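Chemist: Below is a structure I'd like to ask you about.
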């Protein structure tokens, strides 16, 4: 089966292609006539003579093989990339010099039942040759296409071990001081496999798609207030991306789960006011090192997992039940310490900071506090974080790690400011009795964070996991009471040591043992969710709370758009605090449901509480690597990304605008 560009019949192909080739030859011949007049030098070659070392053309595919069958939520299309790599000073055009932005005319030869369609292509540059202007390309460019596979190859006679082949004929005009007509036939084949498998070029094609702003539904538009600054930063290049990362990390300091941890550092600074500027700067630098190293370490793990072929995104650690269990234990113990149930050394705060009783500044102290703050704040996806983290994961590893390091620097910046600007210390209140009350207030915030994480356990793995979490708190509380009762300095040394040993045995045994039990419930919940999806049932709590909301899948989106309705997708997770806030105050309100009905929008939920490679891939296609993400799709292929902090007026405006465009066209 032959295709010209995309979805063009064979007969039309055989008519159009010779005409286009003749047109290019005529243009080049006319240009060659200008050589005696000094305007431009041209050389016309036949395709067989057109091999040039100045241009290298390659073809890549996303898949290593074609699966016999596709799952209910698996995408039946793969990316195909045509890469043009030119030497410096050379440019190429599709059909000669033209001020029109011509699309490539390709001849595809496809297996029976397959289709190909063009995605968004790179923007050409305007070149001038002796007064003749034309849009062309230079450097290295990639043109992306989607190869759509029939859903069931077995019904078409294919079997395991068979091979499928594809070929495409590409023509171009290559110019420097002379213009050369070139042509090349590219081909590739795949084995028929039982399951889907990604090729070595998959990550390269994903990165190219992000750089081109191409997705299955076209280029996303971000036009809402509150996103304009992010879009401006994106257009600045690397400096803008670093600014986004810095401000995103700075905003993390206001997150509820981070504030209590920051109070540890605040109390430390207040205790060191008399130590001198050098000591304060030393502490601030080591605290900054702790936050930056932690962000880089987490991002490094993310790049390693993705390099191993796993589809994970920012916040992946909160999809791990062991990490959730460890966070519950950490925040609960910190809260008990803030309430004064037990003291460790001088306090647990001093232990985390490793600050001796002599109040001598400690490098380990500040570094560990920075690590703790980063661990508490890294999963939060606040303003700027969503966009820059998604971008970082699509760039080269070194550049991506640099952006995550910028987040850590932004998070530590307030303490650097206090340390390096002496006048800023005047903003700190003097130590006094108010610190006890403030510490207890922070303890309540830690308990609220612990309660939220327990709720996440229940949402993720059911009531059994929630019960195990409550059992963990009871055991941790008992261990804290034992150490608080017999571990104080008023008891003999041997009593204090035994109290510490018993407390630590209970803490470690309970955390690891109950963590393993919770992990089993998580695995059972993920397996049950997979079975429900195969049966076409609603399988996540977000969708089941309202009969009007549907569970997201690519097929469900396609089916909804074919009816002429718009689609609103809520990419969410139980452990995402911003997601839950938007859901409670906006999305699940009766007013929002009325808006969806009024403007003929089908709302869908993509629940990322557990790791779902398909949802991860969808997030990346919109330039994000974490939740929340709110996407509004139109039947004509238009895509809008809504801000993370939703309001009803903003939602109403977006839905109304899309409805009017569907009724009367763009305006």
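In our numbering, the protein residues as written are 1 to 667.
Backbone N, C-alpha and C fix where the C-beta goes; we use that ideal spot for every residue, glycine too.
Since this is a predicted model, take the numbers as computed values, not measurements.
Quick one: is residue 424 buried, meaning 16 or more other Cβ sit within 10 Å of its Cβ, or exposed?
Modeler: Here residue 424 refers to the residue found at position 424 when the chain shown is read from its first residue. Residue 424 should be labelled exposed.
Chemist: Could you pull the start and end residues of the alpha helix (DSSP H) that residue 247 belongs to?
Modeler: Here residue 247 refers to the residue found at position 247 when the chain shown is read from its first residue. Start and end: 238 to 251.
Chemist: Could you work out which residue in 84, 492 and 506 is closest to residue 479 when comparing CA atoms only?
Modeler: To locate residue 479, count along the chain shown from 1; it is residue 479. Residue 479 has its Cα closest to that of 506, out of 84, 492 and 506.
Chemist: When DSSP labels each residue in this structure, what does residue 445 get in the three-state scheme?
Modeler: Translated into positions along the chain shown, residue 445 becomes position 445. Three-state DSSP puts residue 445 in a helix.
Chemist: Would you tell me roughly how many angstroms separate the C-alpha atoms of residue 554 and residue 168, rounded to the nearest one?
Modeler: Here the question's residue 554 lines up with position 554 in the chain shown. Here the question's residue 168 lines up with position 168 in the chain shown. Roughly 28 Å between the two C-alpha positions.
Chemist: Taking 6 Å as the limit between beta carbons, can you name the residues of its chain near residue 140, skipping five residues before and five after?
Modeler: Locating residue 140 in the chain shown gives position 140, where the first residue counts as 1. Excluding sequence neighbours, residue 140 sits near 85.
Chemist: Do the segment 446 to 455 and the segment 288 to 303 meet, that is, are 3 or more Cβ pairs less than 8 Å apart?
Modeler: Output reads no: the segment 288 to 303 does not touch the segment 446 to 455.
Chemist: Using only the alpha-carbon positions, how far apart do residue 94 and residue 404 sit?
Modeler: The sequence position of residue 94 within the chain shown is 94, counting from 1. The sequence position of residue 404 within the chain shown is 404, counting from 1. Looking at the two C-alpha atoms, the distance is approximately 40 Å.
Chemist: Anyone know if the C-beta pair for residue 369 and residue 264 falls short of 8 Å?
Modeler: Working through the chain shown from its first residue, we reach residue 369 at position 369. Working through the chain shown from its first residue, we reach residue 264 at position 264. Yes, they are a contact pair.
Chemist: If you measure from the CB of residue 432, is any heavy atom of the ligand FMN nearer than 7 Å?
Modeler: Only the bare structure without any ligand can be found here, which leaves the ligand FMN out of the picture.
Chemist: Less than 8 Å between the C-beta atoms of residue 190 and residue 81, yes or no?
Modeler: Reading the chain shown from its first residue, position 190 is the one you call residue 190. Reading the chain shown from its first residue, position 81 is the one you call residue 81. No, these two residues do not count as a Cβ contact at 8 Å.
Chemist: Helix, strand or coil for residue 640 per DSSP?
Modeler: One-based indexing of the chain shown puts residue 640 at position 640. Three-state result, residue 640: strand.
Chemist: Looking only at its own chain, which residues have a Cβ that is under 7 Å from the Cβ of residue 113, when we skip the five neighbours before and after it?
Modeler: For this step, residue 113 is matched to residue 113 along the chain shown. Taken in chain order, the residues that qualify are 150 and 156.
Chemist: Can you tell me the Cα-Cα spacing of residue 436 and residue 322, whole angstroms?
Modeler: For this step, residue 436 is matched to residue 436 along the chain shown. For this step, residue 322 is matched to residue 322 along the chain shown. If you take the alpha carbons of residue 436 and residue 322, they lie about 33 Å apart.
Chemist: For residue 184, name the three-state secondary structure that DSSP assigns.
Modeler: Numbered from its first residue, the chain shown carries residue 184 at position 184. Residue state, collapsed to three classes: strand.
Chemist: Secondary structure at residue 106, three-state DSSP: helix, strand or coil?
Modeler: Along the chain shown, read from residue 1 onward, the residue named residue 106 stands at position 106. Coil.
Chemist: Assuming residue 295 and residue 374 make a contact with CB atoms under 8 Å, what is their CB distance in whole Å?
Modeler: Locating residue 295 in the chain shown gives position 295, counting from the first residue. Locating residue 374 in the chain shown gives position 374, counting from the first residue. About 6 Å separates the two Cβ atoms, so the contact holds.
Chemist: Once the 5 residues before and after residue 662 are set aside, which same chain residues still bring their CB inside 6 Å of it?
Modeler: Along the chain shown, read from residue 1 onward, the residue named residue 662 stands at position 662. Same-chain partners within the cutoff: there are none.
Chemist: According to the Cβ coordinates, are residue 481 and residue 499 closer than 8 Å?
Modeler: Along the chain shown, read from residue 1 onward, the residue named residue 481 stands at position 481. Along the chain shown, read from residue 1 onward, the residue named residue 499 stands at position 499. Going by C-beta atoms, residue 481 is not nearer than 8 Å to residue 499.
Chemist: Taking just the CA atoms, how far does residue 366 sit from residue 422?
Modeler: The residue labelled residue 422 in the question sits at position 422 within the chain shown. The residue labelled residue 366 in the question sits at position 366 within the chain shown. One C-alpha to the other measures close to 19 Å.
Chemist: Look at residue 136 and residue 125 and say whether their C-beta atoms are less than 8 Å apart.
Modeler: By one-based count along the chain shown, residue 136 stands at place 136. By one-based count along the chain shown, residue 125 stands at place 125. Yes, the Cβ-Cβ distance between residue 136 and residue 125 is below 8 Å.
Chemist: Taking residue 174 as the reference, give the member of 249, 92 and 211 with the closest Cα.
Modeler: Counting from one through the chain shown, the residue named residue 174 turns up at place 174. The residue with the shortest Cα to Cα distance from residue 174 is 92.
Chemist: Tell me where the beta strand (DSSP E) around residue 145 begins and ends.
Modeler: As a first step, residue 145 is located in the chain shown; it is residue number 145 there, counting from the start. Per DSSP, residue 145 belongs to the beta strand (DSSP E) from 140 to 148.
Chemist: DSSP has residue 174 in a bridge; who is on the other side?
Modeler: What you label residue 174 is simply residue 174 of the chain shown in a count that begins at 1. Looking at the DSSP assignment, residue 174 forms a beta bridge with 92 and 180.
Chemist: Assign residue 429 to one of two classes, buried (16 or more other C-beta atoms within 10 Å of its C-beta) or exposed (fewer than that).
Modeler: Indexing the chain shown from 1 puts residue 429 at position 429. When all chains shown are included, residue 429 counts as exposed.
Chemist: Between the beta-carbon of residue 633 and the beta-carbon of residue 566, is there less than 8 Å?
Modeler: The count along the chain shown starts at 1 and reaches residue 633 at position 633. The count along the chain shown starts at 1 and reaches residue 566 at position 566. Contact flag set, yes.
Chemist: Short of 7 Å in beta carbon distance, which residues of its chain neighbour residue 342, apart from the five on each side in sequence? Order them along the chain.
Modeler: Start at 1 with the first residue of the chain shown, and residue 342 comes out as number 342. Once the five neighbours on either side are set aside, the close Cβ partners of residue 342 are 336, 480, 483, 484 and 487.
Chemist: Between the Cα of residue 188 and the Cα atoms of 142, 603, 276 and 108, which residue gives the shortest distance?
Modeler: Along the chain shown, one-based indexing puts residue 188 at 188. That would be 108, whose Cα lies nearest to the Cα of residue 188.
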